[in-house]
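Single-structure report; data block below.
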Amino acid sequence: MRHMVVSVAGLGPSESRAMPSAESSGIRFGRVESVFPAVTCVAQASFRTASVPRCHGMVSNGFFDRVLRRPSFWEQSSGLVHGKRIWQDARDSGSTVGIYFWQQSLGESADYIVSPAPIHKHGGGMIMGNYTKPPEAAAAAESVCGTFPLHRYWGPLASSRIGRDVVRTVRCLVKTYARQDFVFVYLPTLDYDLQRFGPDDRRCAASVAEAESQIMDLKRIAEECGADFTVFGDYSITTACSGALMPNLCLREAGLFNVRMVRGMAYPDFYESRAFAMADHEIAHVYLRDKSDTGAVVDCFRKSGLYSDVSVNDGECDWGAASAGDVLITARQGSWCDYRWWTSRREEPDFASHVDIHNKPGYDPCELFFDRWSFPPSTCRNPSRIRGTHGRKCDVAFASTAIGAGVRSLVEAASELGKLFNRHTESRGRPSGMSEAN
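In structure tokens, the structure reads:
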């Protein structure tokens, strides 16, 4: 291995300052500017292409299909991320690439891939499992690590301990498939408790300590292989002290968002709605059926006084890809954007009480809690329980044994790494691979 890159959800400057053991082990954290919107899929797409959303097309953790008239979240096809990868020239010259748990990695230009991919059974229930490339890597990992516990990856049972399973999987497959020149790893460890309780809550200290341990384990794997090591946060989580905003309720009350009533439940009517806000943490992309409604939508949000920024997609801004909304709204500091368009429990669609990250028309952090009073068990529907959020531009933690302290942003850091990968290839010729890890 020549280089390992680790993306850590929610690793901001304050979290990195609480990792003294990492610092003493040689991980010298600095701070760099995130991308915007500061959410996982955007950050990872920006890093692997060293470009902004306007260029690579990943505008949030989801997108709205204007042809099918429906939103979709957490799709995993690498085809959603446009642009040349920072490792591509090196791989074309014979280097090998491993990608472990990064978003939009299926079909990626890589030699080894692991990504959560459960099978949803027709009659209900789920078969736990990961997608792997090569396919036999699944059996190799399971023989050493057991079945990957996807119930800890997201939902009410999500736990910082899931990072241990990520590390074990990476160690196993780096040993099994020894010739991996560039390895990319995603650690979701900090994401859960920092959103549940807020980054300043004492209950988050255990998650920060867990993340520090996992980062150090990965660095040791890199050192065993004689590789350089880079770690960065994809966003910083801030305290959500002012509650949730409901942009779709605002649009519904303004006559711009339509619902379809089914047995008293209010389901979205994306075919007739003039505007829809695809909410994702602190931001929401607002898609219009007709751009003549732009002024009305902008006025709707600006007059509410609840949003720190309401911007029109002019195609020139960094977030202004073709897949982006016509308007982008950012919640005021301390608030976040909730996808809901109802206030009465009677109007609540049936999907509201379930973990359904791919089909819900917006990100729902309430899935991190059980409903205390429901039977059979369901997820929480009380947005006030969420105490941490992200999405606005922020500073994140960054450390690298290969890049100096001069980089100012994640995109710049990715560009420097891409140059380094190519220099490896130019200086050594066709790579000979690495020795098997101990």
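Quick note, in the numbering used here, the sequence shown goes up one by one and the last residue is 603.
Quick reminder that beta carbons are idealized off the backbone N, C-alpha and C, glycines included.
The structure presented is a predicted model; accordingly, all values stated were derived computationally and were not measured.
Of the choices the options, whose alpha-carbon is the least far from that of residue i?
i	options	result
residue 246	519, 573, 274	274
residue 356	585, 182, 233, 205	205
residue 581	395, 551, 435	395
residue 541	552, 519, 524, 547	519
residue 498	471, 298, 528	471
residue 506	451, 414, 233, 386	414
residue 574	212, 239, 548	212
residue 233	487, 539, 317, 435	435
What do you reckon, are the CB atoms on residue i and residue j nearer than 7 Å?
i	j	result
residue 392	residue 555	no
residue 409	residue 474	no
residue 433	residue 526	yes
residue 442	residue 421	no
residue 564	residue 194	yes
residue 171	residue 383	yes
residue 532	residue 320	yes
residue 283	residue 315	yes
residue 379	residue 328	yes
residue 226	residue 445	yes
residue 483	residue 217	yes
Quick check on residue i: buried or exposed, where buried means 16 or more other Cβ atoms within 10 Å of its Cβ?
i	result
residue 185	exposed
residue 398	buried
residue 308	exposed
residue 489	buried
residue 426	exposed
residue 202	buried
residue 585	buried
residue 478	buried
residue 465	buried
residue 189	exposed
residue 330	buried
residue 602	The pLDDT assigned to residue 602 is 36, lower than 50, so where the model puts this residue is not dependable; a value taken from the coordinates is nonetheless given after this. Buried.
Looking only at its chain, what residues have a beta carbon closer than 6 Å to the beta carbon of residue i, apart from the 5 residues adjacent to it on each side?
i	result
residue 285	291
residue 265	279, 335, 350
residue 183	373
residue 254	587
residue 611	Residue 611 cannot be examined here, being either before or after the span of the chain that is shown, 166 to 603.
residue 262	252, 256, 275, 276, 347
I'd like to confirm the pairing. Which residues does DSSP put opposite residue i in its beta bridges?
i	result
residue 496	472
residue 168	347, 393
residue 425	432
residue 127	Nothing about residue 127 can be reported from this structure: the residues present for the chain run from 166 to 603 only.
residue 207	Partner(s): none; residue 207 has no beta bridge.
residue 453	440
residue 408	500
Within the same chain, show all residues whose beta-carbon is closer than 7 Å to that of residue i, passing over the 5 residues directly before and after it, in chain order.
i	result
residue 215	251, 576, 579, 580, 583
Using C-beta distances below 8 Å, list every residue in its chain close to residue i, excluding the 5 sequence neighbours before and after it, in chain order.
i	result
residue 604	Residue 604 is absent from the structure shown; the chain starts at 166 and stops at 603.
residue 546	510, 513, 517, 518, 531, 536
residue 599	Low confidence applies to residue 599: its pLDDT is 38, below 50, so where it sits in the model is not reliable, and the reading given next is rough at best. 166, 167, 343, 344, 345, 346, 390, 391, 392.
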